[in-house]
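A short write-up of the structure that comes next.
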């Protein structure tokens, strides 16, 4: 099942061992995973801070937060008892040499962070509806209760397919190949936009940190 595969593959990304039975929850897509996490902790009249466009790596702006920026955010959240919900559905699609996940900064911040990801986004199959949450054993139990009410379970065949996909992706080098494929498509789109000779400021430039760079004259 995917939670076992996630537990085996995620230590490389999280920098620590993950217990798939106690620290991973499979959801019916990333959206339901986010909804379950929010439902678990938000009470009426509570306040929620949303970074626009809402996640790191940023889509469509391409912003990649530095370690210093993430530490500042993480420490502010700890000081004010703010739970961190880190949306990582595009974590495999970046064109910088590497980037830092906020859950890997230190153990204290990790215990205060829920990381959401999505198999459908990872494999470019939006609509497959298999997402998951990774979090510390104690607080993730609250997310599980919300998930039981909101979604209860995820289709078995989709979970099995997700597990096989995650295993084979690591084995066959899919992540790097997909990243190269997407970068090639991005550059083709940029080339077409240039050739069209569109007026300045008719379209937006996405910052270079994810490889989406257009000449300033077209910004």
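Numbering (the numbering used here), first residue to last: 4 to 222. No residue lacks a Cβ here, since even glycine has one placed at the ideal position from N, Cα and C.
Around the CB of residue 46, fewer than 16 other CB atoms lie within 10 Å, so the residue is classed as exposed.
Look at residue 139 here: in three-state DSSP terms it is coil, with no helix or strand label. Residue ranges of uninterrupted alpha helix (DSSP H) with 4 or more members, entirely inside the segment 117-205 and ordered along the chain, are 122-125, 140-153, 159-175 and 177-199. Closest in alpha carbon position to residue 139, among 131, 150, 195 and 21, is 21.
Assigned with DSSP and collapsed to three states, residue 81 falls in helix.
Rounded to whole angstroms, residue 43 and residue 92 show a C-alpha spacing of 20 Å.
For residue 88, the secondary structure class from DSSP, reduced to helix, strand or coil, is strand.
DSSP, read as helix, strand or coil, puts residue 96 in coil. A straight line joining the alpha-carbon of residue 52 with that of residue 90 spans about 14 Å. Contact annotation: residue 38 and residue 147 have beta-carbon atoms that are not nearer than 8 Å. Distance from the CA atom of residue 116 to the CA atom of residue 198, rounded to whole angstroms, is 45 Å. In this chain, the beta strand (DSSP E) harbouring residue 28 covers 27-30.
In this model, residue 122 and residue 159 are separated by some 14 Å (Cα to Cα).
In this structure, the straight-line span from the alpha carbon of residue 135 to that of residue 30 is close to 5 Å. Here the segment 172-187 does not lie against the segment 66-77, with fewer than 3 beta-carbon pairs under 8 Å apart. Going by beta carbons, residue 81 and residue 105 fall outside the 8 Å limit. Within a 10 Å sphere around the beta-carbon of residue 124 sit 16 or more other beta-carbons, which makes this residue buried. Per DSSP, the continuous alpha helix (DSSP H) segment holding residue 110 begins and ends at 110-114. Where residue 103 is concerned, there is no enclosing alpha helix (DSSP H), because DSSP gives it neither an H nor an E. Burial is judged here by how many other beta carbons sit within 10 angstroms of a residue's own beta carbon; residue 133 has at least 16 and is buried.
The beta carbons of residue 36 and residue 167 sit no closer together than 8 Å.
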